[in-house]
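Heads up: the structure comes next, in structure tokens.
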Amino acid sequence: FPVTITLAQRTQIDKAYKDSEAKLSGYTLSIMDMVQVPKMYVKDFKETVTAGIKSRSENDKNLIMKFAQEHNIPISDKIYLDIMAAMKAGRDEFKNAQSMTQEACATYKAFSKSIPQKFFISTDSDEEDLIKKQCTVVSDAQTREAFDTGIATKNDINK
């Protein structure tokens, strides 16, 4: 019985993780389609969009426009507004997907560490590494640094 519950919880973690990845990828590709980035910039632009969606900072919404300006990619006012709306929607959906992943991870952790379940649940190190990877919060570098150091820094949008 505990093994069945644990298997269901691991499946839920995997599903939530893949859902987060799919949402991030979907919004990234959607924004790339809006901008019509030249092929030579696609990889760098995809990284920029992904960073913008993963970011918790509203100041990072300017990353796409900054990228477009640096690479002389014309973006109309309408496309700009569409991109900003897609970025906001992408952030919100990604945040919700991450919350579901963290909820699944917390449930699994609480159950797997309780007595007597921990005596019945066998896990190998590869599986534990996978669960740890899937349960890691996806975050931008600035937010990660603030949590690691305990010091939040002011965003400079002119960087």
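Okay, so the sequence shown: first residue is 1 according to the numbering used here, each after it adds one. For glycine and all other residues, C-beta sits at the position ideal for the given N, C-alpha and C.
Taking 8 Å as the limit between beta carbons, can you name the residues of its chain near Gln98, skipping five residues before and five after?
Ser20, Val137 and Val138
Neighbourhood of Phe94 by C-beta, 6 Å cutoff - its chain only, sequence neighbours within 5 removed:
Lys23, Leu24 and Ile53
So Gln51 and Asp140 are supposed to be a Cβ contact under 8 Å. How far apart are they, rounded?
Residue 51 is actually Ala in this sequence, not Gln. Indeed they touch by this definition, with Cβ atoms about 6 Å apart.
Can you tell me which of the three DSSP states Cys105 falls into?
helix
Go ahead and pull the three-state DSSP assignment for Gln36.
coil
Among the residues of its own chain, which have a CB less than 6 Å from the CB of Ala146, if the five just before and after it don't count?
Ala152
Run through DSSP, which three-state label would Lys159 get?
Here the model assigns Lys159 a pLDDT of 47, short of 50, so the residue's position is not dependable and the matter cannot be decided.
Express the C-alpha separation of Lys113 and Gly26 in angstroms, rounding to a whole number.
35 Å
Excluding the 5 residues preceding and the 5 following Met100 in the sequence, name in chain order all residues of the same chain whose CB lies nearer than 6 Å to its CB.
Ala16
Can you give the beta carbon distance from Gln134 to Asp14, rounded, assuming they're within the 8 Å contact cut?
7 Å
Reference Ala8; option with closest CA among Phe111, Asp148 and Arg144
Phe111
Within 8 Å, do at least three Cβ pairs link the segment 36–47 to the segment 123–132?
no
According to DSSP, is Glu150 helix, strand or coil?
Reading off the sequence shown, one finds Gly at residue 150, where the question assumed Glu. Three-state DSSP puts Gly150 in coil, outside helix and strand.
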